[in-house]
Every structure is written in structure tokens, then in C-alpha cells.
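Under full-length UniProt numbering, the sequence shown has 97 at position 97, and the numbering climbs by one with no breaks. Written below as C-alpha cells is the structure these notes are about.
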Amino acid sequence: MITLSNAQFTATINPLGAELTTLTRRSNGREYIWSDTTGKFWGRHAPILFPAIGRSNDDHYLVDGQTFPMRQHGFARDFEFDDVQQSSDETVILTLHANAETKALYPFDFALSVTYTLTETGLQVQYHVTNASAHPMPFALGSHPGFALEQPLGHYTVTLTGANTPLTKFGIGPVPFRNGAVEPFAESDGAAIPLSHELLDDGLIIINAPEATSATLAANDGSYRVTINLADFPYLTLWSPEHKNAPFVCVEPFHGLPDVAGAPTDWYQKAGNTTVAPGGTSAFGYDLTLN
């Protein structure tokens, strides 16, 4: 494990998947990132989703007419990042390079770098995706942080800043695929989303909010507040394990989308994907502001 620290916070990152596993306020010991100590709910913390988001139809996809297998949410979360550079107590850069195993799943020479930097107000996360191949490289990238809750889920609200209202969401069906529609988010109240297990027991909710600048998860009594900068991410997903009354919720910035249910999808044509030119790099990032 890699440890970061400053005067306000400590964080730990697992080189397996470059996954943030803890983010703790030093003054009171408050832990922001979910950890399943019981084995009942979800064994991950804040996985990185690359080069796919969600499940692929038939667990396969197409590139230039060739079919390749793809795991749910891609493979980056299951690989040891092979290059770790810690320049200070506050910052670390982890990089996953293409190898023989990744090329069997994704036929590109890529480098995925993740930089974690502790700040006075929380954590900055930056991603760089570099294409070292001779052909354009399509991909999706998302972050899947789970936030530990100190009160029942119904005591929290997610509010989007800068989003067009009324909010809309992508139709889901069958779970976890999209159905191709964009629908009114009837359960929202303007830019606010009152949370409940009933809301999330039907599966993930993907909000279509390219104009949103941030999303804030807050306790209704003012005792807890986490803000995620969304400037680089057009979609925001909410998820908690269905029918488990889990004491956490995932608030996930997405730059990409799950498949529409049907046949395997050509990634050059897939809605939400980014395509980076040969020799090019795409950059994304967000800040977690912890109050």
C-alpha cells in the first residue's frame, strides 16, 4: 500500500488497480471511503473504470470488425500498476502500461496514469490516457468511489451545480445496460436528488448532465459534505447495492457509458467513448472537497 499524508488528511492507495482505499481526516478520524469489513456488501473502495464502463453485450465488443472480450468496467481495476512514482508525501503517480495480457482484451499500446494529490481541502485525482499505437484508440474512463455513510441513506441528498433542470437520466434495462432512451429524472427536485434505498434498489442511475460543474453529497443535517468537481465528466452515476440497505453510496463521475442492450458494440461508434489519436494523450480529473 502507498500512503499519502498532509496536515489535514491521510490516504492509502493500492497499486492493484491504483485504487484509493482510504481517505481520512486527521483531526477527527472521519473515514470518507467505503471499506466492507463484513463481506456483506461490496468488496471494493474506489475502482478505476477503464477502458470500458459497465457491462459489454455478450461480454464482447468490436474494433475494426474484430471481436474482443471485455470484463465489466474494463480491466484496469484488476491489474497491478507497473510504475509507481511518489514525489512527495502528498503526491503519487501510478501508471499501467499495455502488456500481453491487456492486448488480448484491448489491442492497443496504451499508458494509463493516475495522479493522487492530497490538498488542504481533500484530494485531487488526475488521469492521463496515452495512445502509443499506430491507430486511433477508443475508450471510456470512470471513477467509482464509494462513500461511507454515518447515517441512513435517506438522510442524504446529492445536488448538482450548473446542471440544466429538470434533470434527465439514461434509461436502464435490462440492468446494467442502457435501453437507448434519455428520460426525465422524476425523483429529482430541481438539481437536488433526495437519496433512498428505494431509489437505488432498481439499479444504477446515470444522470445526463454535461453542463454540471460539480456534485455534492451532503447529510441533510449539515454534518457531512463531499463535493466532486465534474468539469471533465459529462455523466454522474449513483449506485448502492440493490436490496441490501448498504451503509454507503457510490457517486461516480463517468466519461463514457454502458452499452445499449443488444449486440456487441463497435467502440469507434459507441456513444460516450473518447478516441485519442496515435501519439496523443487525453486528460481528465476531478477534486474531492471534504467538509
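Beta carbons: idealized from backbone N, C-alpha and C, even for Gly.
- Take the alpha-carbon of residue 117 and the one of residue 153: they are about 29 Å apart.
- Inclusion of residue 217 and residue 251 in the CB contact set at 8 Å is warranted, their separation being smaller than that value.
- Counted as a single uninterrupted DSSP element, the beta strand (DSSP E) harbouring residue 283 occupies residues 281-290.
- For residue 181, the enclosing beta strand (DSSP E) covers residues 178-184.
- Scanning the stretch 187-235 for uninterrupted alpha helix (DSSP H) segments of 4 residues or longer gives 197-200, listed from N- to C-terminal end.
- Going by DSSP, residue 169 is part of the beta strand (DSSP E) stretching over 168-172.
- The Cβ atoms of residue 6 and residue 90 sit closer than 8 Å to each other.
- Excluding residues up to 5 positions away in sequence, 131 lie with their Cβ nearer than 7 Å to the Cβ of residue 280 in the same chain.
- At a cut-off of 3 residues, the continuous stretches assigned as beta strand (DSSP E) that sit fully inside the stretch 96-141 are 110-118, 122-131 and 137-139.
- Considering only 240, 24 and 220, the residue with the shortest C-alpha distance to residue 159 is 220.
- Assigned with DSSP and collapsed to three states, residue 146 falls in strand.
- Taking 8 Å as the upper bound for CB-CB distance, residue 165 and residue 190 are in contact here, some 5 Å apart.
- Rounded to the nearest whole angstrom, the CA to CA distance from residue 225 to residue 111 is 34 Å.
- With a contact defined as Cβ atoms closer than 8 Å, residue 206 and residue 248 miss out at about 19 Å.
- Nearest neighbour of residue 98 by Cα position, chosen from 88, 80, 115 and 85, turns out to be 80.
- Residue environment analysis places residue 182 among the exposed positions, since fewer than 16 neighbouring C-beta atoms fall within 10 angstroms of its C-beta.
- For residue 269, there is no enclosing beta strand (DSSP E), since its DSSP letter is neither H nor E.
- Boundaries cannot be given for residue 89, as no beta strand (DSSP E) includes it and DSSP labels it neither H nor E.
- With contacts defined as CB atoms closer than 8 Å, residue 267 and residue 138 qualify as a contacting pair.
- DSSP places residue 74 within a strand segment (E or B) once states are collapsed to three.
- Counting along the chain, the unbroken beta strand (DSSP E) around residue 24 starts and ends at 19-25.
- Under the three-state reduction of DSSP output, residue 243 falls in the coil class, being neither helix nor strand.
- By the criterion of at least three beta-carbon pairs nearer than 8 Å, the stretch 58-74 is not in contact with the stretch 33-40.
- For residue 255, the uninterrupted beta strand (DSSP E) segment begins and ends at 248-255.
- Residue state for residue 259 is assigned as coil, using DSSP reduced to three classes.
- Burial check for residue 54: the Cβ neighbour count within 10 Å reaches 16 or more, so the residue is buried.
- Residue state for residue 155 is assigned as helix, using DSSP reduced to three classes.
- With 16 or more other CB atoms across the displayed protein chains lying within 10 angstroms of its CB, residue 287 is buried.
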